[in-house]
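Okay, structure first, notes after.
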Amino acid sequence: PEVSKAEQEVENLVKQLTPVERYAMRFIEETEAAWSAEQLAAAEREIDEQKREWEQNRLAALKEEEERRARELEEENDLLTYSREDATNQIWVSENTEEHMPMWCPPTPPQQDTDVYIDHTL
1 PEVSKAEQEV ENLVKQLTPV ERYAMRFIEE TEAAWSAEQL AAAEREIDEQ KREWEQNRLA
61 ALKEEEERRA RELEEENDLL TYSREDATNQ IWVSENTEEH MPMWCPPTPP QQDTDVYIDH
121 TL
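Throughout the sequence shown, residue numbering follows the UniProt record's numbering, covering 1 to 122 in sequence.
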């Protein structure tokens, strides 16, 4: 197996070290790996905790939005559209003058060629 120039230089440096220095180097390399793994595990735990917190906040926001929409639906009892029968059967009264207000309904198209359109509001 061929050894690169950089690896040869590292081997030469290691040979120049005293036994205590070699022991210290191995100790640091081994404890660094364990310390890095411990740091990584702590970071993963922190990320998991932040994810859980975000999910809880998101669920709370969704629930709050759903409750707000439910309240709005309860407040909006008035229909936006009415059937023709309902519209003509209701009496609309002005809030200010209490005057009866006529209901406008779109004209219906003639059913036959002989039908003549008559506007009953006139």
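For every residue, glycine included, the Cβ atom is placed at its ideal position computed from N, Cα and C.
Going by the beta-carbon positions, is the gap between M103 and V93 smaller than 8 Å?
Indexing the sequence shown from 1 puts residue 103 at position 103. Indexing the sequence shown from 1 puts residue 93 at position 93. No, the pair does not count as a contact, with Cβ atoms beyond the cut-off.
Backbone secondary structure at M25 - three-state DSSP
Taking the first residue of the sequence shown as position 1, residue 25 is located at position 25. Here M25 sits in helix by DSSP.
Measure the alpha-carbon distance for P110 versus I118 and round it to whole angstroms.
In the sequence shown, the residue the question calls residue 110 occupies position 110. In the sequence shown, the residue the question calls residue 118 occupies position 118. For P110 and I118, the distance between alpha carbons rounds to 10 Å.
Considering only DSSP beta bridges, list what W104 is partnered with.
Indexing the sequence shown from 1 puts residue 104 at position 104. Answer is none; W104 lacks a bridge partner.
Roughly how many angstroms lie between the CA atoms of L62 and R68, to the nearest whole one?
The residue you call residue 62 lines up with position 62 of the sequence shown. The residue you call residue 68 lines up with position 68 of the sequence shown. Cα-Cα distance, rounded: 10 Å.
Which whole-angstrom value is the C-beta distance of V14 and R22, which I expect to be below 8 Å?
Residue mapping note: residue 14 aligns to position 14 of the sequence shown, counting from 1. Residue mapping note: residue 22 aligns to position 22 of the sequence shown, counting from 1. Contact flag correct, Cβ pair sits at about 7 Å.
Helix, strand or coil: how does DSSP classify V93 here?
Taking the first residue of the sequence shown as 1, we reach residue 93 at position 93. Here V93 sits in strand by DSSP.
Measuring only the C-alpha atoms, how far is residue 129 from Q8?
Given a span of 1 to 122 for the chain in the structure shown, any question on residue 129 remains unanswerable.
So what does DSSP say about Q16, is it helix, strand or coil?
Against the sequence shown, residue 16 aligns to sequence position 16. DSSP places Q16 in helix when its eight states are reduced to three.
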